[in-house]
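All remarks here apply to the structure that follows.
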Amino acid sequence: MTYDVWDGDDEAEAGRLVPLYILVNGRTSPRNSNLDLATQVIALPADTTRLELEYREIVSRCATWISIAEIGAYLHRPLTITKVMVDVLVEQGFLDIGSPAQQKIADRRLLETVLAGLQRL
Numbered sequence: 001m002t003y004d005v006w007d008g009d010d011e012a013e014a015g016r017l018v019p020l021y022i023l024v025n026g027r028t029s030p031r032n033s034n035l036d037l038a039t040q041v042i043a044l045p046a047d048t049t050r051l052e053l054e055y056r057e058i059v060s061r062c063a064t065w066i067s068i069a070e071i072g073a074y075l076h077r078p079l080t081i082t083k084v085m086v087d088v089l090v091e092q093g094f095l096d097i098g099s100p101a102q103q104k105i106a107d108r109r110l111l112e113t114v115l116a117g118l119q120r121l
């Protein structure tokens, strides 16, 4: 296992190092037990300026549906921590969980046409 260690040479990076357990308030698992690595999430319209940089990175990656495993891979974060961070963002209303197939179809006429077709069968 490798650890990120600041050796004091790069002052710009020094301000961005936040231990991961601080970001998740020491939590080791998500409160939502339905979250797994394949769970799809998407960002909701919200002001993210008050979030820590690490949380803003997650929200920005979720402009379209993306799995928790993909988020962890893109951001080079441990998957357990990524899952807890996603859970925190869901609780705070920055992310929504589901899948692209669960998006609502807003065209009522289309649904009525499909229903009429099924009734004719």
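Here the sequence shown is numbered in the UniProt record's numbering, starting from 1 and rising by one per residue.
A virtual CB, placed ideally from N, CA and C, is assigned to each residue, including glycine.
Unbroken beta strand (DSSP E) run spanning G98, endpoints: Along the sequence shown, one-based indexing puts residue 98 at 98. Its beta strand (DSSP E) spans residues L95 to G98.
Span separating the alpha-carbon of Q92 from that of R61: What you label residue 92 is simply residue 92 of the sequence shown in a count that begins at 1. What you label residue 61 is simply residue 61 of the sequence shown in a count that begins at 1. Looking at the two C-alpha atoms, the distance is approximately 17 Å.
Buried or exposed (CB count within 10 angstroms, at least 16 for buried), G72: Taking the first residue of the sequence shown as position 1, residue 72 is located at position 72. Buried is the call here.
L53 versus R108 - alpha carbon distance: Stepping through the sequence shown from its first residue, residue 53 is reached at position 53. Stepping through the sequence shown from its first residue, residue 108 is reached at position 108. Counting only the Cα atoms, R108 lies some 41 Å from L53.
Those residues which DSSP pairs with A46 across a bridge: Translated into the one-based positions of the sequence shown, residue 46 becomes position 46. For A46, DSSP records no beta bridge to any residue.
Pairwise C-alpha distance: T49 and residue 133: In the structure as shown, the chain starts at 1 and stops at 121, and residue 133 therefore has no counterpart that could be examined.
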